[in-house]
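Add 1 to a position in the sequence shown, counting from 1, and you land on the number used in my numbering.
We put the CB at the ideal spot given by N, CA and C, even for glycine.
Everything numeric in this text was worked out from a predicted model, so none of it was measured.
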Amino acid sequence: MPIVMCGQCQAKNRVARFRLSARATCGKCGSFLIEPKWLTTLRDLLQIFRKYWVLLTSAIILVVALEVHPRDDTPQQELPPQANFEPSGTVETAPTQALRPPLPKVEPLALPHITPVVLCVPVNVSSGAKKLYTHRPALAPLAITTPPGGNFVFRIVKNETTKYVMSIYMTGGETQEFKVPLGIYSIYAAQGQTWCGHDVAFGHSATRYTRLDATFAFSRETDGYKGHRIELVPQLMGNLDSTEVTAKEFSELVPDEMSASGRPTQ
């Protein structure tokens, strides 16, 4: 693994690999490490595409629709000159004229449907705010450490289901401790800057959705309750990976049960 020196504290960091989804940070001070220039450029282009993909897609569809639309370029047939003839007798017949071919039927242009842009209205919520969605008591400990540079919303989901029993809001660069109901869970996370509520998270184009790869069991032991400590800060010899999920998969998570305990995160 290559060794990268931190530009802030001069500490040496051994980096297994650079990722497009997240920048590597110093294990000592948490500052971003220097990464290849092409990776930074690719991440910036991806951010621009995520921000303006609706407009770009609509423009491409409109250009294609205009190109494939049939145009009235059918050449007109020239009419032959009028032929005057006089048959025998005193009655003159009308001149014969060629019939004009019918014009092709022109269909109206169908413009592509443009999805309206949903504005992100900030919701005031404090770090450490949580809400239980179950009537079972929260007994087992859970400690979470978040990296700096963003805010997080976690959903504690019952294993192999789409029902979450707890929702947690945290700001970046903090460590918070919570109590979780006993059971086996998966943990989903939404990451961004400004929280705008559960419908749009941190904004449709500015939210990163992930699922922690491990499952977490919270149980009762002879000497107390067994819980977990999760550190999302990148570090050497770390044993926890995450997988990006779609906004649709995150939005399909539903509360297990409604409860009045705890403070909602909107």
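Cα-Cα separation, residue i to residue j
i, j, result
"Cys-121", "Glu-253", "20 Å"
"Ile-157", "Leu-67", "49 Å"
"Ile-185", "Arg-209", "24 Å"
"Lys-249", "His-205", "11 Å"
"Ile-231", "Thr-146", "6 Å"
"Cys-27", "Pro-256", "37 Å"
"Gly-8", "Leu-47", "25 Å"
"Gly-150", "Val-246", "20 Å"
"Val-5", "Arg-212", "28 Å"
"Thr-135", "Glu-258", "5 Å"
"His-104", "Val-69", "The sequence given here has Leu at residue 104, not His. So the alpha carbons of these two residues sit roughly 19 Å apart."
"Leu-63", "Lys-106", "21 Å"
"Tyr-226", "Arg-137", "15 Å"
"Val-154", "Ser-59", "31 Å"
"Gly-173", "Pro-182", "24 Å"
"Phe-86", "Ile-61", "Its pLDDT being 48, under 50, Phe-86 is placed unreliably in this model, and the coordinates cannot settle the point."
"Lys-13", "Arg-51", "34 Å"
"Thr-176", "Val-65", "51 Å"
"Glu-108", "Arg-101", "21 Å"
"Gln-236", "Thr-41", "20 Å"
"Leu-133", "Asp-224", "25 Å"
"Glu-36", "Glu-222", "45 Å"
"Lys-180", "Tyr-165", "15 Å"
"Phe-251", "Trp-196", "15 Å"
"Val-55", "Ile-49", "11 Å"
"Asp-242", "Leu-57", "33 Å"
"Asn-240", "Thr-216", "13 Å"
"Ile-169", "Tyr-189", "10 Å"
"Ala-207", "Gly-193", "6 Å"
Residue j beta carbon less than 7 Å from that of residue i
i, j, result
"Ala-218", "Ala-202", "no"
"Met-269", "Ser-128", "No statement about residue 269 is possible, as the shown extent of the chain runs from 2 to 267 and does not include it."
"Ala-130", "Glu-178", "no"
"Asp-214", "Thr-244", "yes"
"Lys-29", "Cys-10", "yes"
"Ala-141", "Gly-228", "yes"
"Asn-152", "Ser-187", "no"
"Val-234", "Pro-148", "yes"
"Gly-198", "Val-126", "no"
"Arg-24", "Phe-33", "yes"
Residue i - partner residues in DSSP beta bridges
i, result
"Ala-139", "Pro-182"
"Thr-211", "Ala-190, Glu-245"
"Gln-9", "Its beta-bridge partners do not exist; DSSP assigns none."
"Val-255", "Lys-164"
"Thr-195", "Answer is none; Thr-195 lacks a bridge partner."
"Asn-240", "Asn-240 pairs with nothing; no bridge assigned."
"Phe-33", "Thr-26"
"Ala-144", "Glu-178, Arg-230"
"Arg-15", "Ile-4"
"Val-225", "Residue identity check: residue 225 is Gly in the sequence provided, not Val. In the DSSP output, where bridge partners are listed per residue, Gly-225 has Glu-222."
Extent of the continuous beta strand (DSSP E) to which residue i belongs
i, result
"Lys-218", "For the record, residue 218 in the displayed sequence is Ala; it is not Lys. Taken as a continuous stretch (DSSP letters only), the beta strand (DSSP E) holding Ala-218 covers 217-222."
"Glu-232", "229-232"
"Leu-133", "131-133"
"Lys-164", "164-172"
"Lys-159", "152-159"
Residue i - containing alpha helix (DSSP H), residue span
i, result
"Thr-42", "38-69"
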